[in-house]
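Student: After the structure tokens below, expect a handful of questions from me.
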Amino acid sequence: MKVITTKRLYMRPLSEEDATQRYVDWLNDPVVNRYLETRHSTQTVGSCKAFIEQCDRDEYAHLYGIFMRDTGKHIGNAKLGFIHEQYARGELSLFIGDKDFWGKGLAGEVVQGLTQYGFECLELEKVEAGCYEDNLASLRVFLKAGYTVEGFKRSHVESSGSRSGCFMLGIIKSEFGQNG
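First residue of the sequence shown: 7, per this note's numbering; consecutive thereafter.
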């Protein structure tokens, strides 16, 4: 895995040393983890290290830490995983854990950078993503990056005490970069 840089960020493979209490606190914060599957169990430094180790062993998962270029501050994580070599596709997911960096367009840089990495370095033909129906900020990020809503799964997950649907999104290699 290589280091991916954008205008304001760099993403590098996450290491066990990145599994700090600050990282754990993000995953246990109900505001941060509202749309993350990790919300279903309490996270620890040990569980985060185990997850990083599991991803390191998985040749079909590329787990990255998201860092600010100017300060080196770790602000979140992203993953291009579930890579299917035969069909040349993978799934992108991310979260910005440090709330001080929300609403600044950084998620868009992550999506652009990892999508480009998937197409150029991993030779994928398609990158997929998903988001809960009420996570409109994520939906906008993916749409702005050129992804298309390919489907909607009704009543797909339990979220905030009620059932919620999920948007399924995707972008194919030939479409990437056409939005700007």
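Backbone N, C-alpha and C define an ideal beta-carbon position, used for all residues, glycine too.
(1) Under the assumption that Gly6 contacts Asp104 (Cβ atoms under 8 Å), give the Cβ distance between them as a whole number of angstroms.
(2) Can you tell me whether Gln49 is buried or exposed? The criterion is at least 16 other CB atoms within 10 Å of its CB, across all chains shown.
(3) Reducing DSSP to helix, strand and coil, say where Val9 ends up.
(4) Alpha carbon to alpha carbon, how far is Gln27 from Ser168? Give it in angstroms, no decimals.
(5) Identify whether Tyr93 lies in helix, strand or coil by the three-state DSSP scheme.
(6) Taking only three categories from DSSP, how would you classify Asn34?
(7) In the DSSP output, what is Thr154 paired with across the bridge?
(8) Once the 5 residues before and after Ile10 are set aside, which same chain residues still bring their CB inside 6 Å of it?
(9) In the structure shown, what three-state DSSP assignment does Gly186 receive?
Tutor: In short, the structure shows the following:
(1) The structure shown does not extend to residue 6, since the chain spans only 7 to 186, so no value can be given for it.
(2) With 16 or more other CB atoms across the displayed protein chains lying within 10 angstroms of its CB, Gln49 is buried.
(3) coil
(4) 30 Å
(5) coil
(6) helix
(7) Gly176
(8) Met17, Gly119, Tyr123
(9) With a pLDDT of 49 at Gly186, under the threshold of 50, the modelled position of this residue cannot be trusted; read the value that follows with caution. Note: Gly186 maps to coil in three-state DSSP.
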